[in-house]
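The UniProt record's numbering puts the first residue of the sequence shown at 1, with every later residue one more than the last.
Ideal Cβ positions, reconstructed from N, Cα and C, are used throughout, including at glycine.
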Amino acid sequence: MPRQLLRALVLYLTAFVGLLIYLMVSSHYLPQRSFFLIQDFGQVRTLNSRCDFSQNLQKRGCDAPFIESPRSGSSLLRSKPLSSKGSGVTQYDVIQIYPQKISLSLRPGDQTSFEVQVRPVEDYPVDLYYLMDLSLSMKDDLDTIRNLGTKLAEEMRKLTSNFRLGFGSFVDKNISPFSYTAPKYQDNPCNGYKLFSNCVPTFDFRHLLSLTDKVDRFNEEVQKQMVSRNRDAPEGGFDAILQAAVCKEKIGWRKEAYHLLVFATDDIPHLALDGKLGGLVHPHDGQCHLNDKNEYSAANKMDYPSLALLGEKLAENNIFLIFAVTKRHYVLYKNLTALIPGTTVEILDQDSKNIIQLIVNAYNNIRSKVELSVWDHPEDLNLALTATCQDGQPLTGLRKCADLKIGDTVSFNVTVDARGCPPKGTRKSFTIRPVGFKDRLEVSVDYHCDCRCTYFTKTNSSRCNSAGTYSCGMCRCEPGHLGVRCECEEGEVDHQHLSACREAEGKQVCSGRGECSCNQCLCYESEFGKIYGTFCECDDFSCARHKGILCSGHGECHCGECKCHAGYIGDNCNCSTETTSCVSDDGKICSGRGSCVCGRCQCTEPGAFGDTCEGDRHMWLQQASQYGKGRNISVTQTDDSNTVQCVYKTENDCVMKFTYSEHANGQSILTALKEPECAVAPNAMTVLLAVVGSILLMGIVLLALWKLVITIHDHREFARFQSARSRARYEMASNPVYKQSIPFHPMETDFHMHSIKSCNGGVH
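Pasting the structure below:
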């Protein structure tokens, strides 16, 4: 008993001395010192008994001061306040995003979050570059915009006091089959064209006026221009867009300004790979190629740019692209806006009369939205965004706010999670930018993968029987050695203690997936992944799959359970929490008439339909039926919730069948199912000839059938006769009644010999 008391007293004194040492140094070293004070904590045979949840460790007797649990966190490095005005003396110090620079310290599996605020300021400078299609079909539009500069400047100065305007034009590549390349068309591609016989030579892109606040120069340049001509319908406009985006010095884009690029055309664009038709096999390099004449010099050397390259360069240079296109191509360009961030589309009149209002509307639309984009996103980080717009309601998975007013502040909560540890000392970074803004948030990432007790690691420690490294109270044994203290050599098995390798009584040793050595499980290697755990009970490949992919590729498999990355949920992590695709045009999730589940709207309000529950089926059918009254139109529902089927009967008794639907842009779409079916009065002569012909045809058919039956019957009778003849047992020449006479009949005759005297008196 005294020995036990003495031992306990020594232990407490040692702990007390350790705490005094702690008070003398920085609290930074508390966890490291504590490991030496309670080195033998935990069960001897259990490798992970020292690593557990804090509450479990405390239940087993480890006090809170001795528990080290690194946490993910963030710290502000630059946080200037948001500005409220864009132009003026403070123009170059305008701040539209808060904070501007932060640092993250991430522990794998431990999420941390930070808030980003964005405020579009009032009276911010605007640079607008007008890029016009000068192919022959745009001749009327060119006449309309000859005085565009003055009128546009007047309207834009109502929105900003600092406005500049530039001008460029495009047609197409001057090679076959895109343009006329015969010698007679080189100077005048309209040569021989009756409607308009005088054109300038074909060109791809020509920069005509750098951005300037002198709008009269814009008018002068426009008035000098003449149209040109190309051969095919698509234009080379994407070449022009890319050059206008990357040639920053020649175009004159200012760093502290909104960059608007207006793309006016009446036809579709050429896309990447179209250039192969003209022998251009080199993809676009994304660089500026304007020569001394400000013309695109690589037009006949490289292919058209891809949508991905176009979107990348526009975002890189903070440019908002405005498609000003005719109505018949609206849907095509609307689809392109989904592939190119920061892009809007507006309908252009045939002669461009509405171009000024179009630009003003597009600018207001752009200014009313804030969307975050992530650049240089490290692959081992999961990011999830939650937007809080002007209504104050958090929208999980949304990174965009709409219907904002100038000066409104919106916030985004960004959650970051590290999936693993990179090599020691690795630091990574990424950038968060509002689309089209020059402002950005720089985020540097430091990985916290080790406890601070690792600073006191000892190799070949006596605590590990000089066969391992002692760190944080645990031994990492050298190859060939096993055990909590590396006391065993590989291959040693204590059959009396195999129960130490069983998870429970009656279960297999090491779960049947390993060997028991030195009272520890050595898990087998598997071609499918890693087997691990105290009893080899876990692996990283036996989790739910989606379409054959483990955890849908959006999570990590831990002991039979998917641990989903940020932004994904579900047993197999196939359900995205992103709600961007569920946002309707009014900025609400599923138009306020449904819920966003796995990135798709599930309409809950009766009658609601559409990708964002924007349609009202009851109202739609009611309106369609109301329209049909008095017009002989009957309306019925179809299997497609977005369409109704209509049957229309005209005064001439013609029946027309068509479907009616509404496009997302509000246009009504009628699709004829087939040609009208009209009732026609019968012709008497036609009817008579048809009846007579039918009777004759019927008689011929009956006669043919009779002849066929007789022929078949005769063939059968003849075949029967032939069969009977072959079975006869005699030839035609024999008579079965005739019996042949007997040629020989034996008879018995008795001959009696008498003595006859001869004439000579002799006896014979």
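- For Lys80, no alpha helix (DSSP H) run applies, since DSSP gives it neither H nor E.
- With 16 or more other Cβ atoms from the protein chains shown falling within 10 Å of its own Cβ, Lys428 counts as buried.
- Here DSSP, grouped into helix, strand and coil, assigns Arg107 to strand.
- Straight-line spacing of the CA atoms in Asp450 and Gln393 works out to 38 Å.
- In this structure Cys477 is in contact with Cys464, their Cβ atoms being roughly 7 Å apart against a cut-off of 8 Å.
- Under the three-state reduction of DSSP, Glu235 is assigned to strand.
- Under the DSSP assignment, Glu115 falls in the beta strand (DSSP E) whose first and last residues are 112 to 118.
- By the Cβ criterion, the region 173 to 190 is not in contact with the region 245 to 264, since fewer than three pairs of Cβ atoms, one from each stretch, lie closer than 8 Å.
- Just measuring C-alpha positions, the residue of Asn291, Pro305, Lys248 sitting nearest Gly275 is Pro305.
- If you ignore the 5 residues before and after Lys327, its C-beta comes within less than 7 Å of the C-beta of Ile347, all in its own chain and listed in chain order.
- Assigned with DSSP and collapsed to three states, Thr409 falls in coil, not helix or strand.
- Its chain contains Leu395, Thr579, Cys582, Val583, Cys596 as the residues whose beta carbon lies nearer than 7 Å to that of Ile589, once the 5 sequence neighbours on both sides are disregarded; these appear in chain order.
- The region 226 to 245 makes contact with the region 289 to 302, as at least three CB pairs between them are under 8 Å.
- When DSSP states are grouped into helix, strand and coil, Glu68 belongs to the coil group.
- Segment contact: the region 130 to 138 against the region 107 to 121, fewer than three CB-CB distances shorter than 8 Å; contact not assigned.
- Between Gly149 and Val215, the C-beta gap is smaller than 8 Å, which places the two residues in contact.
- Under the three-state reduction of DSSP output, His207 falls in the strand class.
- Relative to Cys598, the option among Ser576, Asp611, Gly279, Asp446 whose CA is nearest is Ser576.
- If you look at Arg485, you'll find it isn't in any alpha helix (DSSP H); DSSP assigns it neither H nor E.
- Comparing C-alpha distances from Lys101 to each of Leu273, Cys472, Val443 shows the shortest one belongs to Val443.
- The beta carbons of Asp141 and Lys85 sit no closer together than 8 Å.
- Considered as a whole, the region 292 to 354 harbours 307 to 316, 330 to 337 as its complete alpha helix (DSSP H) runs of no fewer than 4 residues, in chain order.
- Here Gly237 is near Asp133, since their CB atoms are less than 8 Å apart.
- In the DSSP assignment, the residues bridged to Phe167 are Tyr130, Leu209.
- A residue is called buried when at least 16 other Cβ atoms come within 10 angstroms of its Cβ; Ala387 meets this threshold and is buried.
- Ile589 is bridged by DSSP to Val583.
- Per the DSSP secondary-structure output, Lys563 pairs in a beta bridge with Glu556.
- Taking the Cβ atoms as the reference, Ser373 lies roughly 16 Å from Ala402, outside the contact range of under 8 Å.
- The region 537 to 549 and the region 558 to 567 touch, with no fewer than 3 CB-CB distances between them shorter than 8 Å.
- For Asn198, the closest alpha carbon among the candidates Lys184, Phe205, Arg206, Ala315 is that of Lys184.
- Checking the DSSP bridge columns, you'll see Pro394 partnered with Thr388.
- In the displayed model, Ala418 falls within a strand according to three-state DSSP.
- For Val345 and Cys601, the gap between their C-alpha atoms comes out near 24 Å.
- Here the alpha carbon of Asn460 sits roughly 27 Å from the alpha carbon of Glu525.
- About 5 Å separates the beta carbon of Asp303 from that of Leu280, a gap short enough to meet the 8 Å contact definition.
- With a contact defined as Cβ atoms closer than 8 Å, Thr202 and Leu165 miss out at about 26 Å.
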